[in-house]
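A quick write-up on the structure given underneath.
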Amino acid sequence: MNRNFRVTETLLMNKLRRLARPISYIVTVGVLALSVHLPAVHAAVIGTEAVVSAQQAEFDRTRVQSLLGRAEIKQQLLAAGVDPSQVSERVDALNDNEVHQLAAKIDQLPAGGDALGVLVFVFIVLLITDILGFTDVFPFVKKPVRR
Amino acid sequence: MADTRAARAVAGGFLFFGLLAIAGCATPLQLERLAPDSFPDPIELNAVAFFPQEEYQCGPAALATALAWAGIDTTPSALAPEVYLPERQGSLQLEMLATARRHGAVPYVLRPALDDLLTEVKAGHPVVVLQNLALSWYPKWHYAVVVGFDLARDEVVLRSGLERRHLVPLAVFERTWRRGDYWAVVVMPPERLPRTAQETPYLQAVVGLERIEHWQEAGRAYRSALRRWPESLGAQLGLGNSRYALKDVTGAEQAYRAAVAAHPNSGIAFNNLAQALADQSRWDDAEAAVAKALALGGPHTDTFKATADEIRKKKNATADKRR
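Residue numbers (the working numbering), protein chains in the order written: chain A, 0 to 146; chain B, 69 to 391.
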């Protein structure tokens, strides 16, 4: 029984030994192919996406700023005792991703950003109060640290 | 301190939802703000095909309608495995966009505005819309295709479900569409731009084609973009990149040259130009271009350096061979 097992074991080992050489060739060729291929991945034309996402950030920022720049909004802000330029500075300080979320919110406003609907006003008010740290509706707005 | 913060949050929450509730009831429909004679003539796109939908499969049916219009031969049952999720008995918007792209079309999501939707239909482009036919708290989601309207008769014409010409009063249509967050998409052949297209969102849509390596279609779409926005860096670069991917190195060079001429501050454009020149073994020109990219710097400097290294190596290798 035991001997039988040993015989099969040696047979198996022999088989493996015979296979070892071709396998090692395959692995070597594979590794070489990878290392030859690598520099080509690094130095290549840069995809259009890189440029377009930068463009997207610019596009988003303009949309948010143009909403804030509207006369009605400015008036409302002044009436609430908030300096509009300060708000616009805060928006500039948001990173691309945050501005993108903000702009996406503007797109969802019912007016699609044209006539100044009630929701647009609510949105702006909440945005301002978020920025000033009174509310916490938009997770992407940086809050001033309060101690 | 925690208490005041909690109180503030609660107050904020009340303010938010309270105002939202009022606003929800009070928000007027967009159709009330349409300029009176903005769309005086009835429009109907009779040539748009009709695929009666099988049970729940409005997504595949609507998408097949739009794709067939764009010149891509398909059927709802062929699309169903790609967009239809059996356990949800429906299709997701993102799947709809991805499937349109896989078939070589450019799906362009419209701004959530009635004006834009009507403008597209008037321009001859059928528009796929997402509707919630029931109520916000008991939704019945549905995709349909807007193929016409007659504002004088207060009608919108839809390819919808089992009806080839489903007529809906404009206000009813807008309410159901509003519950679908005004989601609307035109599925364009790459040669044709949506009438309401804006540069950056359109390029984003084309980049989606680039990502799945549909270079032919991407190239044609970038060309369309350049017809309307000749200075667009994204479109110039995209045209170059798609030609490069299709092994048209001289064509790529041309596009990159246009890009660096119009945007001398784009390091990426110079890097890609350098690459296209190096592929033609024009080492000195390539080195000059990559030097410009390196001088401009930016977040892709590492790639610029790699490009420069490779050009130098290849240049030396060919010089050695000559010797």
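Ideal Cβ placement from N, Cα and C applies to all residues, glycine included.
Within-9 Å CB hit, residue i to chain B
i: A:Ile-25; result: no
i: A:Val-50; result: yes
i: A:Gln-85; result: no
i: A:Val-98; result: no
i: A:Val-44; result: yes
i: A:Gln-55; result: yes
i: A:Thr-9; result: no
i: A:Val-144; result: Here the model assigns A:Val-144 a pLDDT of 49, short of 50, so the residue's position is not dependable, and the following value carries that caveat. Not an interface residue.
i: A:Gln-64; result: no
Contact set for residue i: own chain, Cβ-Cβ below 6 Å, skip 5 residues either direction
i: B:His-171; result: Leu-135, Ile-140
i: B:Asp-370; result: none
i: A:Pro-38; result: Reliability fails at A:Pro-38, whose pLDDT of 44 lies under 50, so the model's placement of it is uncertain and the value that follows must be treated cautiously. Once the five neighbours on either side are set aside, A:Pro-38 has no close Cβ partner at all.
i: A:Leu-18; result: none
i: B:Leu-165; result: Pro-175
i: B:Gly-392; result: With chain B represented from 69 up to 391, any question about residue 392 of chain B goes unanswered, as that position is not in the structure.
i: B:Pro-180; result: Tyr-250
i: B:Leu-219; result: Phe-107
i: B:Ala-385; result: none
Any C-beta of chain A under 9 Å from that of residue i
i: B:Arg-296; result: no
i: B:Arg-243; result: no
i: B:Arg-279; result: yes
i: B:Ser-228; result: no
i: B:Gly-308; result: yes
i: B:Leu-362; result: no
i: B:Ile-336; result: yes
i: B:Gly-302; result: yes
i: B:Tyr-312; result: yes
i: B:Glu-267; result: yes
i: B:Thr-371; result: yes
i: B:Val-274; result: yes
i: B:Asn-384; result: no
i: B:Thr-375; result: yes
i: B:Tyr-290; result: yes
i: B:Ala-220; result: no
i: B:Asn-333; result: no
i: B:Leu-305; result: yes
i: B:Ala-320; result: yes
8 Å contact criterion, which residue i and residue j should meet: CB distance rounded
i: B:Leu-99; j: B:Glu-242; result: 5 Å
i: B:Thr-142; j: B:Val-213; result: That belief does not hold up - the Cβ atoms of B:Thr-142 and B:Val-213 are roughly 14 Å apart, past 8 Å.
i: B:Ala-286; j: B:Ser-310; result: 5 Å
i: B:Thr-264; j: B:Asp-184; result: 4 Å
i: A:Val-86; j: A:Leu-67; result: 6 Å
i: A:Thr-27; j: B:Gly-306; result: Not really, about 40 Å apart at Cβ, beyond 8 Å.
i: B:Val-215; j: B:Val-253; result: Wrong, their Cβ atoms sit about 14 Å apart, outside the cutoff.
First through last residue of the beta strand (DSSP E) which encompasses residue i
i: B:Glu-223; result: 223 to 228
i: B:Asn-200; result: 195 to 200
i: B:Phe-217; result: 209 to 218
i: B:Glu-231; result: 231 to 237
i: B:Tyr-206; result: Unbroken run through B:Tyr-206: none, as it is neither H nor E.
i: B:Pro-367; result: Where B:Pro-367 is concerned, there is no enclosing beta strand (DSSP E), given that its DSSP letter is neither H nor E.
i: B:Tyr-270; result: Where B:Tyr-270 is concerned, there is no enclosing beta strand (DSSP E), although the alpha helix (DSSP H) it sits in stretches over 267 to 279.
i: B:Val-177; result: 174 to 177
Start and end residues, alpha helix (DSSP H) containing residue i
i: B:Trp-297; result: Premise fails: B:Trp-297 is in no alpha helix (DSSP H) and is neither H nor E.
i: B:Ala-27; result: Given a span of 69 to 391 for chain B in the structure shown, any question on residue 27 of chain B remains unanswerable.
i: A:Leu-77; result: 70 to 78
i: B:Arg-170; result: 161 to 170
i: B:Pro-128; result: 126 to 137
i: A:Val-50; result: 47 to 67
i: B:Glu-259; result: Careful: B:Glu-259 lies outside any alpha helix (DSSP H) and carries neither H nor E.
i: B:Thr-142; result: Counting along the chain, B:Thr-142 falls outside any alpha helix (DSSP H), and DSSP gives it neither H nor E.
i: A:Pro-83; result: 83 to 92
i: B:Arg-325; result: 317 to 330
Residues near residue i by beta carbon distance below 8 Å, same chain, minus five either side
i: B:Pro-269; result: Tyr-176, Val-177
i: B:Pro-207; result: Asn-200, Arg-247
i: B:Pro-237; result: Asp-222, Glu-223, Val-224
i: A:Val-98; result: Ala-56, Asp-59, Arg-60, Val-63, Val-90
i: A:Ala-114; result: Low local confidence applies: a pLDDT of 47 at A:Ala-114 is under 50, so the model's placement there is unreliable, with the coordinate-based value given in what follows. So the list is empty, once near-sequence residues are dropped.
i: B:Ile-379; result: Ala-342, Ala-346, Trp-351, Ala-354, Glu-355, Val-358
i: B:Lys-373; result: Leu-362
Cutoff 7 Å; reference residue i; Cβ partners in own chain excluding five residues on either side
i: B:Glu-259; result: Arg-288, Ser-292
i: B:Gln-161; result: Leu-198, Trp-251
i: B:Asp-388; result: none
i: B:Tyr-152; result: Gln-125, Gly-127, Pro-128, Ser-159
i: B:Ala-138; result: Ala-173, Val-255, Met-256, Pro-257
i: B:Ala-130; result: Val-196, Tyr-211, Ala-212, Val-213
Check whether the segment 327 to 344 of chain B and the segment 77 to 87 of chain A touch, using three or more Cβ-Cβ pairs below 8 Å as the test.
no
If we count Cβ pairs, one from each stretch, closer than 8 Å, do we get three or more for the segment 260 to 277 of chain B versus the segment 45 to 56 of chain A?
yes
Are there three or more Cβ pairs, one per stretch, closer than 8 Å when the segment 196 to 203 of chain B is compared with the segment 102 to 121 of chain B?
no
At a cut of 8 Å, does the segment 320 to 329 of chain B reach the segment 338 to 357 of chain B through at least three beta carbon pairs?
yes
At a cut of 8 Å, does the segment 351 to 361 of chain B reach the segment 299 to 319 of chain B through at least three beta carbon pairs?
no
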